[in-house]
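S.K.:
6 protein chains.
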Amino acid sequence: MHGLYPGSFDPVTNGHTDIITRAAKLCDTLTVLVSFNPDKAASFSPEERLDLLNKVTADLPNVKCDMWGGLLIDYFDKVQADVVIKGLRAVSDFEHEFQQAHVNKELCAGAETIFLCSDISSTFLSSGVVKQVASFGGDISSFVPAIVLPEIVSRLRKP
Amino acid sequence: MHGLYPGSFDPVTNGHTDIITRAAKLCDTLTVLVSFNPDKAASFSPEERLDLLNKVTADLPNVKCDMWGGLLIDYFDKVQADVVIKGLRAVSDFEHEFQQAHVNKELCAGAETIFLCSDISSTFLSSGVVKQVASFGGDISSFVPAIVLPEIVSRLRKP
Amino acid sequence: MHGLYPGSFDPVTNGHTDIITRAAKLCDTLTVLVSFNPDKAASFSPEERLDLLNKVTADLPNVKCDMWGGLLIDYFDKVQADVVIKGLRAVSDFEHEFQQAHVNKELCAGAETIFLCSDISSTFLSSGVVKQVASFGGDISSFVPAIVLPEIVSRLRKP
Amino acid sequence: MHGLYPGSFDPVTNGHTDIITRAAKLCDTLTVLVSFNPDKAASFSPEERLDLLNKVTADLPNVKCDMWGGLLIDYFDKVQADVVIKGLRAVSDFEHEFQQAHVNKELCAGAETIFLCSDISSTFLSSGVVKQVASFGGDISSFVPAIVLPEIVSRLRKP
Amino acid sequence: MHGLYPGSFDPVTNGHTDIITRAAKLCDTLTVLVSFNPDKAASFSPEERLDLLNKVTADLPNVKCDMWGGLLIDYFDKVQADVVIKGLRAVSDFEHEFQQAHVNKELCAGAETIFLCSDISSTFLSSGVVKQVASFGGDISSFVPAIVLPEIVSRLRKP
Amino acid sequence: MHGLYPGSFDPVTNGHTDIITRAAKLCDTLTVLVSFNPDKAASFSPEERLDLLNKVTADLPNVKCDMWGGLLIDYFDKVQADVVIKGLRAVSDFEHEFQQAHVNKELCAGAETIFLCSDISSTFLSSGVVKQVASFGGDISSFVPAIVLPEIVSRLRKP
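Protein chains in written order, with the numbering used here: chain A, 5 to 163; chain B, 5 to 163; chain C, 5 to 163; chain D, 5 to 163; chain E, 5 to 163; chain F, 5 to 163.
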């Protein structure tokens, strides 16, 4: 099974790495995809986000990372993935992700989405929280992977 | 009964036309109202949105379309409508729409709102989804009325 | 428009009478229907519930009350109603009522359901709350219509 | 991947068969498990429910059905499954299923649960709806698989 | 501040003891109240539940436990408490608890309720989960306080 | 108990003053804190918002107001508060506020958050509603405290 785990990863958090680790066990191949919209502002460039993901997943042999600025379903077709994988934390996630899953199915009948529930300790964690805390100089060391902590801190800390 | 169906319709989707068709059966007169905020960015101008709605509702004799840049309740009073009509798709709609309904009632005691639940096939559909898919060149033909598809596609497709 | 407002009304509360009063303004005829399941335990018999509703709606000339132990949609067909009317208080109501509305539409394509949002002061009110408070001898005078308060109190108070 | 799809299936609906068909494509082996609690009342006996599932899945070569009256996680261990599979329809499903998934993980660290979202046309469908409609003699032919329709109807229709 | 923490505690879980410990820090006196309905079936008798709570809170000097089979607000008045304290885990808790809080305020204008959010590790935990797992002989040692584990296990394990 | 009630208060509404009044009864000292993000656009400056709060709370002797552009938890430490206090209106509030409460606890183990449920009449009220209505010249006199109504109206009304 070739799984595709898309997200904005702006930046990657421990919540994302939890999903990546667990999804990698279910899949023969897992592609983690930085899905970006060229028209939307983000804190990290797609290249920076991909670079962080590459570092974080370096030890997972069946995981590769990529970036894509188009329709998810086109990438899904291109790499002939079998399933889209998403994490769910809360009710608001649920509604948004189900909408996306149904849109993807409408656009491509074979595009199945499977959901993993977030680890209990990550239910409150999001890229937005990381940026909010870091922008005020707060300690984000329990929110992001240690290997990329310095990079994320230095990019998000205000001058 | 004179019903008033307000929305941003930026642009109209099959979810909107489902509500319009069903609401038109319940009302003697149905006014579909492009409600716009001059200070907020939108993809289509109010005039464009009204034009799309006029085309889409051309075959419904008791439906007329209009646009309004002020307080909904002032338009409601002006045309002496009996009810505001809204569609509900999901829990997040529910909370937002109930807030608006209660605000309208606070501002005008006689302003009753009635809700129709979205057709099953439209629960995942929104103007935002249409714009997201179209901006990447995806196929939106199952999301918007055929009669306005070319206009919407040409306006949303990137250069 | 002939509206059908079904419920278990076990017993009627001020939340129900709020919906009845507002729905009666929207409809030419409103039928308030005690919908009961002969196999389910209830605190009041269908006849008692109907009797309470008749007293509560005596002053509303276009409202009549009835009871029905079968499929809602069969009654809907029998009286040739135009719409089912339901009140919504909270997210949990929303999910249940939407399920019912979609089931009814599946069983009878013409069966439209419209929803009114509960009055702000009734959002916490239900027949279950009335019974819970009354069973402990609490004061339910602000929860049920004054005209049926003595009957409800005497039936629910423990011996 | 060996998937385990547990449920009460009291009785099986088209919503269940949708999940079974899609899950069977993701798994090498899929076990559909009638999970019953000997102390809880049900409309169909575990044996009847299993029999219906066997008929419904007869054409799916990698699907087998079983029943279990103990802790799910013990069955999961016994058959050395890789994942539990569940369908999600609505917000209320979401909360209940996440609770169960976390409990299972607490009891057995390796027990991963993956969720599929219900097909759009099954979001309103449940075993409870089937029983409610059938008990009043309503038409359930669009709710349950044709092959088991007569059995379900004859069991649920009142004398 | 005299806080009143009511619940059915059938039986006490680690989720309850987390709320008790934190509430005890906020209050001068905290009363933990087994609130029971003589007409509703429960797994443990009110006396057994109170006994378990007494053992669990023995080390908390400003906490005392009691039981009550009447209206919460009558006990609140009787002991002249200042606030009702409740834990919130999930959206479904939220709706139920807010309803209760508004009912209590309607019955007694001075009855304020404050909510604590469950500890992350207890969001999936409830008395129902404990009973479900224990009834199948599952390990509940991470769900209930160690001091009362043997009692709870022996009462819930099937013969 | 020293309570800290943070918010953006852009501008203060009757929903905020309801929470302030009730929280002031529970606390020895209550600090109402304008929490602002220097990078985010707001309708009122932090100084203006603080000024409005000072006027609104002038009669409450144990309430003082302040403003803070940093991490909430740093202010909490600085003034040695005992609890953060937040109001909850709806499900969407609930998820956001619980996320914040868990983040604060992660950053500072002693930071307890308590929640009060909004007064029934304020459940639909927010700063956003006030601004939306006022921007169209609507009447906001039932939404904001009378003492600051003229200031808020003159600031929000369009030229």
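All residues carry an ideal CB built from backbone N, CA and C; glycine is no exception.
1. Flag F/Val-38 as yes if its beta-carbon sits less than 9 Å from any beta-carbon of chain A, otherwise no.
2. So is E/Lys-90 buried or exposed if we call it buried at 16+ other beta carbons inside 10 Å?
3. Taking just the CA atoms, how far does C/Ser-12 sit from C/Phe-40?
4. Does the beta carbon of F/Phe-80 sit closer than 9 Å to a beta carbon anywhere in chain E?
5. Suppose contacts are defined by Cβ-Cβ distances below 9 Å. Is F/Thr-127 in contact with F/Arg-93 by that definition?
6. Along the chain, where does the alpha helix (DSSP H) that runs through F/Thr-21 open and close?
7. To which residues does DSSP link B/Ser-131 through a beta bridge?
8. Any C-beta of chain A within less than 7 Å: which residues of the segment 109-135 of chain F qualify?
9. Chain A partners of B/Val-137, CB-CB under 8 Å?
10. Less than 9 Å separating the beta-carbons of A/Leu-129 and A/Ser-122?
11. Looking at the unbroken alpha helix (DSSP H) that takes in D/Phe-174, where does it start and where does it end?
12. State the Cα-Cα distance for the pair A/Cys-112 and A/Glu-155, rounded to the nearest angstrom.
13. What residues of chain D sit near B/Val-95, judged by a beta carbon separation below 9 Å?
14. Any beta-carbon of chain C closer than 9 Å to the one on E/Asp-43?
15. What is the rounded straight-line gap between the Cα of F/His-106 and the Cα of A/His-20?
16. Taking 9 Å as the CB-CB cut-off, is C/Phe-48 touching chain D?
17. Take the Cβ of A/Pro-65 as the centre, count every other Cβ of all protein chains shown within 10 Å, and call the residue buried at 16 or more, exposed below.
18. Who are D/Met-4's beta bridge partners in DSSP?
19. Looking at the strands, I want to know which residues DSSP matches up with D/His-6.
20. Where A/Pro-50 and A/Val-38 are concerned, what is the direct C-alpha to C-alpha distance, given to the nearest angstrom?
21. With DSSP as the reference, please indicate the residues paired to B/Glu-116 in a beta bridge.
22. Within a Cβ cutoff of 8 Å, which residues of the same chain sit near B/Val-157, ignoring the five residues on either side of it in sequence?
23. In chain D, which residues lie with their C-beta within 7 Å of the C-beta of E/Phe-140?
24. So C/Val-16 and C/Leu-57 are supposed to be a Cβ contact under 8 Å. How far apart are they, rounded?
25. For the alpha helix (DSSP H) containing B/Ile-144, list its first residue and its last residue.
26. Hey, does E/Gln-103 have any beta-carbon neighbour from chain C nearer than 9 Å?
27. For chain F, check one thing: does any of its Cβ atoms lie closer than 9 Å to the Cβ of A/Asp-14?
28. Should F/Asp-143 be flagged as near chain B, meaning a C-beta pair shorter than 9 Å?
29. So, is A/Pro-42 buried or exposed, given that buried needs 16 or more other C-beta atoms within 10 angstroms?
30. Locate the alpha helix (DSSP H) running through A/Asn-108, then write down its first and last residues.
31. Output yes if chain B places a C-beta closer than 9 Å to the C-beta of A/Glu-51; else output no.
32. Taking 9 Å as the CB-CB cut-off, is D/Glu-99 touching chain E?
33. Using alpha carbons as the reference points, say which of E/Ala-46, E/Thr-35, E/Asp-22 and E/Ile-151 lies closest to E/Val-88.
34. What are the residues that DSSP puts in a beta bridge with A/Leu-92?
35. Can you name the residues of chain B whose CB is closer than 7 Å to the CB of F/Ser-158?
36. Compare the C-beta of F/Val-88 against all C-beta atoms of chain E and say whether one is closer than 9 Å.
M.R.: In short, the structure shows the following:
1. no
2. buried
3. 6 Å
4. no
5. yes
6. 18-30
7. According to DSSP, B/Ser-131 bridges with nothing at all.
8. Glu-110 and Leu-111
9. Leu-75, Val-107 and Leu-111
10. yes
11. This structure gives no information on residue 174 of chain D, because the portion of chain D shown stretches from 5 to 163.
12. 38 Å
13. Ala-94 and Val-95
14. yes
15. 18 Å
16. no
17. exposed
18. Since the first residue of chain D shown is 5 and the last is 163, residue 4 of chain D is not available in this structure.
19. D/Thr-33
20. 7 Å
21. B/Val-87
22. Ala-138 and Ile-144
23. Gly-74 and Leu-75
24. 6 Å
25. From DSSP, B/Ile-144 is part of no alpha helix (DSSP H); its letter is neither H nor E.
26. yes
27. no
28. yes
29. exposed
30. 95-111
31. no
32. yes
33. E/Thr-35
34. A/Cys-121
35. In chain order: nothing, as chain B lies at least about 18 Å away.
36. no
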